[in-house]
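Comments concern the structure below.
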Amino acid sequence: LALKSLYRAHGADRCSASAQPVDMSQQRDTAFAASLVVASLALAVLLARRRRRLPARFDLQRLVRPCVLRLAPYTFPPRFGLAEAPVLLDANENPHGSTVEALDAALHRYPDPRQARLKAAIAGLRGCAPSQVVVGCGSDEIIDLLIRVTCEPGRDSILVCSPTYAMYQIFASVNDVSTVDVPLSADDYQLRVGAILQSLTPRVKLVFLCSPGNPTGRLLRRADIEAIAAAATGSLVVVDEAYVDFAPVDDEEAAASCVPLVGRTPNLVVSQTFSKAWGLAGARVGVAVAPEPLVSALDRVKAPFNLSTLAEQAALRAIRAAPAVRAQRDRVLAERDRVAAALSAPEFASAVRRVSPSDANFLLVRVANCQLPRGVRRARRAARRGGAVPRRHAALRRLHARDHRHRGGEREDAGGAAACGRRASVIERSTRCCC
234 LALKSLYRAH GADRCSASAQ PVDMSQQRDT AFAASLVVAS LALAVLLARR
284 RRRLPARFDL QRLVRPCVLR LAPYTFPPRF GLAEAPVLLD ANENPHGSTV
334 EALDAALHRY PDPRQARLKA AIAGLRGCAP SQVVVGCGSD EIIDLLIRVT
384 CEPGRDSILV CSPTYAMYQI FASVNDVSTV DVPLSADDYQ LRVGAILQSL
434 TPRVKLVFLC SPGNPTGRLL RRADIEAIAA AATGSLVVVD EAYVDFAPVD
484 DEEAAASCVP LVGRTPNLVV SQTFSKAWGL AGARVGVAVA PEPLVSALDR
534 VKAPFNLSTL AEQAALRAIR AAPAVRAQRD RVLAERDRVA AALSAPEFAS
584 AVRRVSPSDA NFLLVRVANC QLPRGVRRAR RAARRGGAVP RRHAALRRLH
634 ARDHRHRGGE REDAGGAAAC GRRASVIERS TRCCC
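Residue numbering for the sequence shown is 234 to 668, as defined by my numbering.
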């Protein structure tokens, strides 16, 4: 308003000053310019004071970042809502427990921030150099560090292949990073390499590949991983190998671990964990094997004492007891195969549509006649009456529904789930059970 009134006054003065000497007109122009500067400064001061004014009362919604308010939290395993359950199949842990005995750590001292002993032990176990190893509080910290180091909030994105581990997208959302989803193939849960390469842009900074997959249990083909890493010249390719200790060592189409590729692939990162085969889910020890320049960047960002003394000592003792861990793994795999054979028996033909091949410590089972919420609740109650806690995955339902649409609605097999012309093959529920 002050600027407008000055402008109007100046315009009136200009109209009445045409017959006056030129020097008076110039003086008025100078006075107007000075008044304009003063008014602008006064307006800037008023706006600055208004910005510094505190709200009348505290409002958390105004304080929390919008991307966090929109975030859907991680769905914890069902066990935490139950009083007691003897057979826990919802988190894919080692049911035989840890091989680590009582620890005698000096808890009055801070742990080694470099984790030098543990890195050397991991390097010897995995066949890499200690300078290529990063240790975190579970592999979740590794995922978060990679996103924070490489992605610019509000601009960059990550690429995932659903159905997959939910924490990739959750950590991306926390850091205000978008997610590009290229689903796996619905028939064999393998990578759709062509679709992934078409989705790569300069904004995609991380490509997360889960091998063996969670919840598919399938080991990804190494040739596909190498092809993606070779083409993704602007991205890091992160292979999440949480279940790699259960995978076959020798396979014609897939190798168990991609750690040997790290030395000759500058944009490849392999993450692993001690939570599954090693029986240390409660210790929270995650590992990444990466090129040395990236390890240096991750070390700059991570907390200085991110791994407790107890966790480090437990991991060191577990590595020393590797033969006992392998014996437990063999027992788990034998039980997995026994359960898979039992579920494939004729007496379960009307209830079990498919038992997928597994390279992990769990089975992915497609169950028929659970298309209604009532059927899902009935199946859960039946499992819990037997003392078991399974876990259901809605992402697999969406994957098969999408594949069914692409096929034009045709039936995938001659099973009874597609009887009566209903879409039972589309809306059937997928359940994961850990052996």
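Even glycine gets a Cβ: it sits at the ideal position worked out from N, Cα and C.
Going by beta carbons, V502 and V470 fall inside the 9 Å limit. In the DSSP assignment, C443 falls within the unbroken beta strand (DSSP E) covering V437 to C443. Boundaries of the beta strand (DSSP E) harbouring Q505: L501 to T506, taken from the DSSP string. The distance from the Cβ of S444 to that of V482 is about 14 Å, inconsistent with a contact at the 8 Å cut-off.
Minimum Cα-Cα distance from A574 among the listed residues A463, L276, R517 and L596 corresponds to L596. For S418, the three-state secondary structure derived from DSSP is coil. According to the DSSP assignment, D563 belongs to the alpha helix (DSSP H) that extends over A555 to L576.
9 Å or more divides the Cβ of I376 from the Cβ of A305. R624 carries a strand assignment under DSSP once its states are collapsed to helix, strand and coil. Bridge pairing for G515: absent [DSSP].
In the three-state reduction of the DSSP assignment, A356 falls in the helix class, which pools H, G and I. Of the other Cβ atoms in all chains shown, 16 or more fall within 10 Å of the Cβ of G371; this residue is therefore buried. For A521, the three-state secondary structure derived from DSSP is strand. A Cβ-Cβ distance of about 6 Å is found for the pair V600 and V585, placing them in contact under the 8 Å criterion. Around the beta carbon of V271, fewer than 16 other beta carbons sit within 10 angstroms, so the residue counts as exposed. For H329, the closest C-alpha among the options R562, V622 and V588 is that of R562. Only residues of its own chain outside the window of five on either side were considered, and among them A530, L531 and V534 have a CB closer than 7 Å to the CB of V382, listed in chain order. Assigned with DSSP and collapsed to three states, R347 falls in coil, not helix or strand.
Secondary structure at R550: helix, using DSSP grouped into helix, strand and coil. Listed in chain order, the non-local C-beta contacts of R359 below 7 Å within the same chain comprise V492 and V522, local neighbours out to five positions each way being set aside. Within the same chain, C443 come within 6 Å of T397 by CB-CB distance, once the 5 residues on both sides are set aside.
If you ignore the 5 residues before and after C384, its C-beta comes within less than 8 Å of the C-beta of S390, I391, A405, N408, V410, K438 and L439, all in its own chain and listed in chain order. Residue pairing by DSSP places T412 opposite I391 in a beta bridge. Less than 9 Å divides the Cβ of A356 from the Cβ of Q365.
With fewer than 16 other CB atoms across the displayed protein chains lying within 10 angstroms of its CB, Y343 is exposed.
DSSP, read as helix, strand or coil, puts L469 in strand.
Sequence-distant Cβ neighbours of S468 in its own chain, meaning closer than 7 Å and more than five residues away, are L433, V437, K438, L439, V440 and N500. As DSSP reads the structure, G369 sits in a beta bridge with G519.
Taking the CA atoms as reference points, L424 sits about 20 Å from V495. Distance from the CA atom of L336 to the CA atom of R618, rounded to whole angstroms, is 37 Å. In chain order, A489 and S490 place their CB closer than 6 Å to the CB of V477, counting only its own chain and leaving out the 5 sequence neighbours on each side. A593 places its beta carbon less than 9 Å from that of A480. Counting every other CB atom within 10 Å of its CB across the protein chains shown gives V278 a total below 16, marking it as exposed. Between the alpha carbons of L513 and S418 lies a gap of roughly 32 Å. Under the DSSP assignment, R295 falls outside any beta strand (DSSP E), being part of the alpha helix (DSSP H) whose first and last residues are L293 to L296.
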